[in-house]
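21 is the number of the first residue of the sequence shown in my numbering; add one for each residue after it.
Quick reminder that beta carbons are idealized off the backbone N, C-alpha and C, glycines included.
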Amino acid sequence: MSSTDAATAPTKPVRIETKDELDALVSEHDRVLLDIYTSGCAICQSIEPVLGTVAKVTDVVVAMINPKTDMSIADEYTIRSVPTLLLFDDGELVGRLDDGFQGAQAIVDFVENPEQ
């Protein structure tokens with residue numbers, strides 16, 4: 021499958037359940053922003069609509085996973101708190117944002133410049 025661009029990137033977050041689904045998504049798309057959340061987390065719930073905005077205004081594919089559906093995610097990426105946002109570019113993890121609630125502009129800035 022070919023890489024995606026803004027015209028074919030989903031305009032809303034995609035829910036995934038396994039590491040295999042994440043691997044497939046990362047291999048199919050140039051850039052993926054993964055939101056690792058848990059049920060019952062108020063901050064996680066409040067960031068979800070923000071991620072919808074990020075999906076609409078950037079070329080990144082936004083995916084969401086609850087690590088309880090595949091605990092290897094939490095182990096592999098050393099998840100200590102939720103929400104944690106992981107940015108993949110060309111299959112490589114290039115950024116991590118785990119500072120609690122972030123507004124849309126902060127997340128867009130992170131997607132555009134993960135080294136900050």
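Contact between Glu37 and Thr89 holds: CB atoms are separated by about 4 Å, below the 8 Å threshold. For Ile85, the uninterrupted beta strand (DSSP E) segment begins and ends at 81 to 85.
Nearest in C-alpha terms to Arg100, of all of Ile56, His49, Arg35, Val70, is Ile56. Straight through space, the alpha carbons of Ile85 and Ser92 are spaced by roughly 12 Å. In the structure shown, Val102 adopts coil according to DSSP, grouped into three states. In summary, Gln122 is buried, with 16 or more beta-carbon neighbours lying within 10 Å of its beta-carbon over all protein chains present.
Our two residues, Thr78 and Ile63, have alpha carbons roughly 22 Å apart in a direct line.
Taken through DSSP and simplified to helix, strand or coil, Phe130 comes out as helix.
Sorting Val102, Glu135, Asp129 by C-alpha distance to the C-alpha of Glu68 places Val102 at the top. Each residue's CA atom was taken as its position, placing Val46 and Pro30 some 14 Å apart.
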